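Engineer: Dropping a structure here in structure tokens format, bear with me for questions.
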Amino acid sequence: MILARKFYSSKMKGLLVLTALFVAVFGKKTFEGDQVLRITAKNEAQIFLLKELSEQEHLGLDFWREPVHESLPVDVYVPFHSLQAVRVFLRYNQIQYNVMIMDVQDLLDDEEREMVKYRTIPRSTDDFVYTAYHDLNSIYSFMDMLVAENSNLVSKIVIGQSYENRPLNVLKFSTGANRPGIWFDTGIHSREWVTQASGIWFAKKIVTDYGRDPVLTDILNNYDIFLEIIANPDGFVYTHSNDRMWRKTRKPNPGSSCVGVDPNRNWEIGFGGPGASSNPCSQTYHGPSVHSEPEVKAIVDFVKSHGKLKAFLSIHSYSQMLLYPYGYTRTSAKDQVELHELARKAVSELQSLHNTAYTYGSVITTIYQADGITVDWTYEQGIKYSYTFELRDTGRYGFLLPADQIIPTAEETWLALMAIMEHTKNNPY
Amino acid sequence: MKVFCSLWLLLSLVKLSPAPPASQDPPFACRGAGDPAPPQPETPEDMASSGDLEPTHYPARRAATVALHQLNTRHGSPHRLFALQEVHKASAEDVAAGGRKYSLDFSVTDWASGSAGPALRCSAEVMFPGTERSSPDVQLRCEALQQINSTAQDHAFYQKYIAPESAVSAQHIPDSYGNVSEEMQPFWRLARVAASFIMLRESSENTEFNMAQVASVTQQESSEKQLMLEFVVLLHDLPSQEIVQWKLLASWSPDRGVRVLQTEWQPRCPHDTKPPN
Numbered sequence: 001m002i003l004a005r006k007f008y009s010s011k012m013k014g015l016l017v018l019t020a021l022f023v024a025v026f027g028k029k030t031f032e033g034d035q036v037l038r039i040t041a042k043n044e045a046q047i048f049l050l051k052e053l054s055e056q057e058h059l060g061l062d063f064w065r066e067p068v069h070e071s072l073p074v075d076v077y078v079p080f081h082s083l084q085a086v087r088v089f090l091r092y093n094q095i096q097y098n099v100m101i102m103d104v105q106d107l108l109d110d111e112e113r114e115m116v117k118y119r120t121i122p123r124s125t126d127d128f129v130y131t132a133y134h135d136l137n138s139i140y141s142f143m144d145m146l147v148a149e150n151s152n153l154v155s156k157i158v159i160g161q162s163y164e165n166r167p168l169n170v171l172k173f174s175t176g177a178n179r180p181g182i183w184f185d186t187g188i189h190s191r192e193w194v195t196q197a198s199g200i201w202f203a204k205k206i207v208t209d210y211g212r213d214p215v216l217t218d219i220l221n222n223y224d225i226f227l228e229i230i231a232n233p234d235g236f237v238y239t240h241s242n243d244r245m246w247r248k249t250r251k252p253n254p255g256s257s258c259v260g261v262d263p264n265r266n267w268e269i270g271f272g273g274p275g276a277s278s279n280p281c282s283q284t285y286h287g288p289s290v291h292s293e294p295e296v297k298a299i300v301d302f303v304k305s306h307g308k309l310k311a312f313l314s315i316h317s318y319s320q321m322l323l324y325p326y327g328y329t330r331t332s333a334k335d336q337v338e339l340h341e342l343a344r345k346a347v348s349e350l351q352s353l354h355n356t357a358y359t360y361g362s363v364i365t366t367i368y369q370a371d372g373i374t375v376d377w378t379y380e381q382g383i384k385y386s387y388t389f390e391l392r393d394t395g396r397y398g399f400l401l402p403a404d405q406i407i408p409t410a411e412e413t414w415l416a417l418m419a420i421m422e423h424t425k426n427n428p429y
Numbered sequence: 001m002k003v004f005c006s007l008w009l010l011l012s013l014v015k016l017s018p019a020p021p022a023s024q025d026p027p028f029a030c031r032g033a034g035d036p037a038p039p040q041p042e043t044p045e046d047m048a049s050s051g052d053l054e055p056t057h058y059p060a061r062r063a064a065t066v067a068l069h070q071l072n073t074r075h076g077s078p079h080r081l082f083a084l085q086e087v088h089k090a091s092a093e094d095v096a097a098g099g100r101k102y103s104l105d106f107s108v109t110d111w112a113s114g115s116a117g118p119a120l121r122c123s124a125e126v127m128f129p130g131t132e133r134s135s136p137d138v139q140l141r142c143e144a145l146q147q148i149n150s151t152a153q154d155h156a157f158y159q160k161y162i163a164p165e166s167a168v169s170a171q172h173i174p175d176s177y178g179n180v181s182e183e184m185q186p187f188w189r190l191a192r193v194a195a196s197f198i199m200l201r202e203s204s205e206n207t208e209f210n211m212a213q214v215a216s217v218t219q220q221e222s223s224e225k226q227l228m229l230e231f232v233v234l235l236h237d238l239p240s241q242e243i244v245q246w247k248l249l250a251s252w253s254p255d256r257g258v259r260v261l262q263t264e265w266q267p268r269c270p271h272d273t274k275p276p277n
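Chains as they are written, first to last, in full-length UniProt numbering: chain A, 1 to 429; chain B, 1 to 277.
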């Protein structure tokens, strides 16, 4: 004990001298240069020293883990002005430590950036954070901002209401009247978050490139583009509030405790066949009848009343595939050869950007039999260039694709969309 | 609704637990009036007749996925996890008692070594027996694959977490936004290796399994120098689009690799799930 006291007093003197040299600069509300150290005491004497250190108030230390016993680490927050003194003290007493947090301000800045991403209300579509996933309200606000900023090019059409009475918003990009049209939808299956996120990016891309990119400008001078970014808003809200893995609509099913219908099995083409389920609890439940879901009916009505859509691209994830009709039958589509060749070209364009590999073919041969799907119906309506996309990835993250892949995914997919749109424009029918 | 669902859950637990479904029936406890539809087996025309298969189409891909699950059960580790890169060639033939045997030539990559990792060439025979509830049989050969070649990273990971006071516990890996912390990456991979035992066992020509998320990982007390981990995993089956939940207990060490000791299928009520984090 006496030895320890002697040990203590000489060491502490050294410390006091050193700390006297470093006068605290209080009052600055920044944490630049501050660090967090993890100290490993190897005996009781060292613990004793650390306890004494903790009582030096002028150092401004904050022990996140108090010195208790030599088998337990001691974590201490050290403000920049005390760092040198503390380090010298530890070295002098041969107390081992390592730096757990190099710079607290950096950490706070990162955290702030993350928080800002999710909480700041952007004032324009240039402010909008494309590298993060957003909720319904943010995306609907984005749409309104985009329209306001580009009112000569973009308008918003409400094609119907979801089961829970949310507006089904479609952005219309148009440079003239009575044009044939091209349709994209994203998010019809709500858990496929990279699709809605890509839809936002596509919308911004279109307004950015019109007047700058000759191919897109030419397309828009001849065709309208319709983009439904959130084709299943009720499901989308549910993925945020309750179940990240929710796929279907949110309409209750009479006589069942299970909710929802698969909006991509609800179309009037091969409806109710083996490529869909008749069980309301199933993820591929086709629903009580064709077009029973308001989300589906709204698109059906729109397509029929427009009458001049020439390409229809329904965007899903995941699997990295580009698929054309049919899903309900093995009989080849009449235009199979052309659709296959166009798919090959679109996939080649896509791959050219980030080397992302896609497979392509008809739905039924490439992925699985699926009855009552969107693009089978639109194809039968006479929209020749009807395709389903399955975006990134192939299963590593699946539906939970990290946000830093949103833009690469959107960028590469856009090249495929452009290839299809350009072909549509060059092959009018 | 909630009461109804809880009641069903209780009843399903009280009853002899149903045999884990080899199909992708919707959660047992969430059946409404009427039984769940059986999985949608492809119609006879869907399965290509014996002979060469298109490598990019689903029959070949599903069989290759099964071979991949086998590969991961044998060689997966916290720092090694294989993914299917490409099927080069595939063929299938009918075999005795209604079974079907696939011959495959394919390449895999190691996710842990990033997208720049080299591809490994493999060949396999995958036999799906004729009986609905039997697991497939896989014969697999891959080039340049040592039996259990644990890396320095595996050893460091082992040393860190075999310590008696280690008590890892985490949820939602990845989280809703796709984030996986550095620390959780090896646990994520381990979960996937352990899940591969289940995916392999549950596979048929009508399934294509993937692990969608680790709902939770809870470290148990180490036993016989093995890391013991309890996982709850969500599997995604592509054809049925179902999310299937399994709880499992797995052990791992660099020497013995992953072993799965217990598995338990868990009902997942669509309207009674926890909110995502």
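The beta carbon of each residue, even a glycine, is placed where N, CA and C say it ideally should be. Please read these numbers as outputs of a predicted model, since none were measured by experiment.
So that I know if they touch, is there some Cβ in chain C lying closer than 7 Å to that of residue 326 of chain A?
Structural biologist: Absent from the structure is chain C; the protein chains it does hold are A and B.
Engineer: Can you confirm whether residue 243 of chain B, when its beta carbon is compared against all beta carbons of chain A, has any partner nearer than 7 Å?
Structural biologist: As a working mapping, residue 243 of chain B is identified with position 243 in the second sequence. Closer than 7 Å to some Cβ of chain A, the Cβ of residue 243 of chain B qualifies, so yes.
Engineer: Just the C-alpha distance for residue 192 of chain A and residue 245 of chain A, rounded to the nearest angstrom, thanks.
Structural biologist: Stepping through the first sequence from its first residue, residue 192 of chain A is reached at position 192. Stepping through the first sequence from its first residue, residue 245 of chain A is reached at position 245. Whole-angstrom Cα-Cα distance: 9 Å.
Engineer: Identify which residue in B:261, B:256, B:68, B:62 has its Cα closest to the Cα of residue 140 of chain B.
Structural biologist: On the second sequence, position 140 is the one that residue 140 of chain B refers to. Nearest of B:261, B:256, B:68, B:62 to residue 140 of chain B, Cα basis: B:68.
Engineer: Just how far apart, CA to CA, sit residue 286 of chain A and residue 247 of chain A?
Structural biologist: Translated into the one-based positions of the first sequence, residue 286 of chain A becomes position 286. Translated into the one-based positions of the first sequence, residue 247 of chain A becomes position 247. Rounded to the nearest angstrom, the two C-alpha atoms are 13 Å apart.
Engineer: Give me the residue from A:289, A:44, A:80 with the minimum Cα distance to residue 61 of chain A.
Structural biologist: What you label residue 61 of chain A is simply residue 61 of the first sequence in a count that begins at 1. Looking at the Cα atoms, A:80 is the closest of the given residues.
Engineer: Using the Cα positions of residue 85 of chain B and residue 111 of chain B, report the straight-line distance between them to the nearest angstrom.
Structural biologist: One-based indexing of the second sequence puts residue 85 of chain B at position 85. One-based indexing of the second sequence puts residue 111 of chain B at position 111. Approximately 10 Å between the Cα atoms of the pair.
Engineer: Just verifying my parser: in three-state terms, what is the DSSP assignment at residue 196 of chain A?
Structural biologist: As a working note, residue 196 of chain A is residue 196 in the first sequence. Reduced to three states, the DSSP call for residue 196 of chain A is helix.
Engineer: Using the Cα positions of residue 240 of chain A and residue 135 of chain A, report the straight-line distance between them to the nearest angstrom.
Structural biologist: Start at 1 with the first residue of the first sequence, and residue 240 of chain A comes out as number 240. Start at 1 with the first residue of the first sequence, and residue 135 of chain A comes out as number 135. For residue 240 of chain A and residue 135 of chain A, the distance between alpha carbons rounds to 7 Å.
Engineer: Name the chain B residues whose beta carbon is nearer than 7 Å to that of residue 396 of chain A?
Structural biologist: Taking the first sequence and counting its residues from 1, one reaches residue 396 of chain A at position 396. Chain B residues near residue 396 of chain A: 83, 111.
Engineer: From the DSSP secondary-structure annotation, give me the bridge partner or partners of residue 232 of chain B.
Structural biologist: Along the second sequence, read from residue 1 onward, the residue named residue 232 of chain B stands at position 232. In the DSSP output, where bridge partners are listed per residue, residue 232 of chain B has B:216, B:247.
Engineer: What number of angstroms, rounded off, separates the C-alpha of residue 84 of chain A from the C-alpha of residue 110 of chain A?
Structural biologist: Along the first sequence, one-based indexing puts residue 84 of chain A at 84. Along the first sequence, one-based indexing puts residue 110 of chain A at 110. Whole-angstrom Cα-Cα distance: 25 Å.
Engineer: Quickly, what does DSSP pair residue 77 of chain A with across the bridge? List them, please.
Structural biologist: By 1-based counting over the first sequence, the position of residue 77 of chain A is 77. Bridge partners of residue 77 of chain A: A:36, A:62.
Engineer: Report the rounded CA-to-CA distance for residue 267 of chain A versus residue 293 of chain A, giving the unit in angstroms.
Structural biologist: Position 267 of the first sequence holds residue 267 of chain A. Position 293 of the first sequence holds residue 293 of chain A. The straight-line gap from Cα to Cα measures roughly 9 Å.
Engineer: Measuring only the C-alpha atoms, how far is residue 347 of chain A from residue 201 of chain B?
Structural biologist: The residue labelled residue 347 of chain A in the question sits at position 347 within the first sequence. The residue labelled residue 201 of chain B in the question sits at position 201 within the second sequence. Spanning the two alpha carbons is a distance of roughly 34 Å.
Engineer: Check whether the region 93–108 of chain A and the region 34–43 of chain A touch, using three or more Cβ-Cβ pairs below 8 Å as the test.
Structural biologist: They touch, by the three-pair rule.
Engineer: Identify whether residue 297 of chain A lies in helix, strand or coil by the three-state DSSP scheme.
Structural biologist: As a first step, residue 297 of chain A is located in the first sequence; it is residue number 297 there, counting from the start. Helix at residue 297 of chain A.
Engineer: I want to verify the contact list: residues of chain A whose CB lies under 8 Å from the CB of residue 212 of chain B, in sequence order.
Structural biologist: Locating residue 212 of chain B in the second sequence gives position 212, counting from the first residue. 245, 398, 399, 400, listed in chain order.
Engineer: Could you check whether residue 90 of chain B and residue 60 of chain B sit closer than 7 Å to each other, using their CB atoms as the reference points?
Structural biologist: Here the question's residue 60 of chain B lines up with position 60 in the second sequence. Here the question's residue 90 of chain B lines up with position 90 in the second sequence. Against a cut-off of 7 Å, the Cβ pair of residue 90 of chain B and residue 60 of chain B comes out as a contact.
Engineer: Suppose contacts are defined by Cβ-Cβ distances below 7 Å. Is residue 197 of chain B in contact with residue 217 of chain B by that definition?
Structural biologist: Counting from one through the second sequence, the residue named residue 197 of chain B turns up at place 197. Counting from one through the second sequence, the residue named residue 217 of chain B turns up at place 217. Against a cut-off of 7 Å, the Cβ pair of residue 217 of chain B and residue 197 of chain B comes out as no contact.
Engineer: Nearest chain A C-beta to residue 176 of chain B closer than 7 Å, yes or no?
Structural biologist: Counted from its first residue, the second sequence places residue 176 of chain B at position 176. Judged by the 7 Å Cβ criterion, residue 176 of chain B is in contact with chain A.
Engineer: Write down every uninterrupted run of the beta strand (DSSP E) in the region 337–375 of chain A whose length is 3 residues or greater and which is fully enclosed by it, in chain order.
Structural biologist: The qualifying runs are 359–362.
Engineer: Given a cut-off of 7 Å on the beta-carbon distance, is the pair residue 282 of chain A and residue 235 of chain A in contact?
Structural biologist: Looking up residue 282 of chain A in the first sequence gives position 282. Looking up residue 235 of chain A in the first sequence gives position 235. No, these two residues do not count as a Cβ contact at 7 Å.
Engineer: Decide if residue 99 of chain A is buried, meaning its Cβ has at least 16 other Cβ atoms within 10 Å, or exposed.
Structural biologist: Indexing the first sequence from 1 puts residue 99 of chain A at position 99. So residue 99 of chain A counts as exposed.
Engineer: Indicate whether the contact test is met: 3 or more Cβ pairs, each with one atom in the region 119–139 of chain A and one in the region 219–228 of chain A, closer than 8 Å.
Structural biologist: Because the criterion of three Cβ pairs below 8 Å is not met, the region 119–139 of chain A and the region 219–228 of chain A do not touch.
Engineer: Relative to chain B, which residues along the region 369–384 of chain A have a C-beta separation below 8 Å, given in chain order?
Structural biologist: Result list: 369.
Engineer: Put residue 159 of chain A into one of helix, strand or coil per three-state DSSP.
Structural biologist: As a position in the first sequence, residue 159 of chain A is number 159, starting the count at 1. Residue 159 of chain A falls in the strand class under three-state DSSP.
Engineer: So with Cβ pairs under 7 Å, would you call residue 239 of chain B a contact of chain A?
Structural biologist: Your numbering for residue 239 of chain B matches position 239 in the second sequence. Yes - at least one Cβ of chain A is within 7 Å of the one on residue 239 of chain B.
Engineer: Near residue 262 of chain B, which residues of its chain fall below 6 Å by C-beta distance, leaving aside the five closest residues on each side in sequence?
Structural biologist: Along the second sequence, read from residue 1 onward, the residue named residue 262 of chain B stands at position 262. So the list reads 249, once near-sequence residues are dropped.
Engineer: Let me know the secondary structure DSSP gives residue 79 of chain B once reduced to three states.
Structural biologist: Residue numbering aside, residue 79 of chain B sits at position 79 when the second sequence is read from its first letter. Looking at residue 79 of chain B - three-state DSSP - the assignment turns out to be coil, as it is neither helix nor strand.
Engineer: Could one say the Cβ of residue 21 of chain B lies closer than 7 Å to chain A's Cβ atoms, at least one of them?
Structural biologist: Along the second sequence, read from residue 1 onward, the residue named residue 21 of chain B stands at position 21. Here residue 21 of chain B scores only 41 on pLDDT, less than 50, and its place in the model is too uncertain to base an answer on.
Engineer: Is the Cβ of residue 131 of chain B closer than 7 Å to any Cβ of chain A?
Structural biologist: Counting from 1 along the second sequence, the entry for residue 131 of chain B is found at position 131. No, because no Cβ of chain A sits closer than 7 Å to the Cβ of residue 131 of chain B.
Engineer: So, is the C-beta of residue 108 of chain A closer than 7 Å to a C-beta in chain B?
Structural biologist: Numbered from 1 along the first sequence, position 108 holds the residue referred to as residue 108 of chain A. By this cut-off, residue 108 of chain A is not an interface position.
Engineer: Is residue 421 of chain A helix, strand or coil when you go by DSSP?
Structural biologist: Numbered from 1 along the first sequence, position 421 holds the residue referred to as residue 421 of chain A. Three-state result, residue 421 of chain A: helix.
Engineer: Any beta-carbon of chain B closer than 7 Å to the one on residue 387 of chain A?
Structural biologist: If you number the first sequence from 1, residue 387 of chain A lands on position 387. Not an interface residue.
Engineer: Would you say residue 409 of chain A faces chain B, with C-beta separation under 7 Å as the test?
Structural biologist: On the first sequence, position 409 is the one that residue 409 of chain A refers to. Judged by the 7 Å Cβ criterion, residue 409 of chain A is not in contact with chain B.
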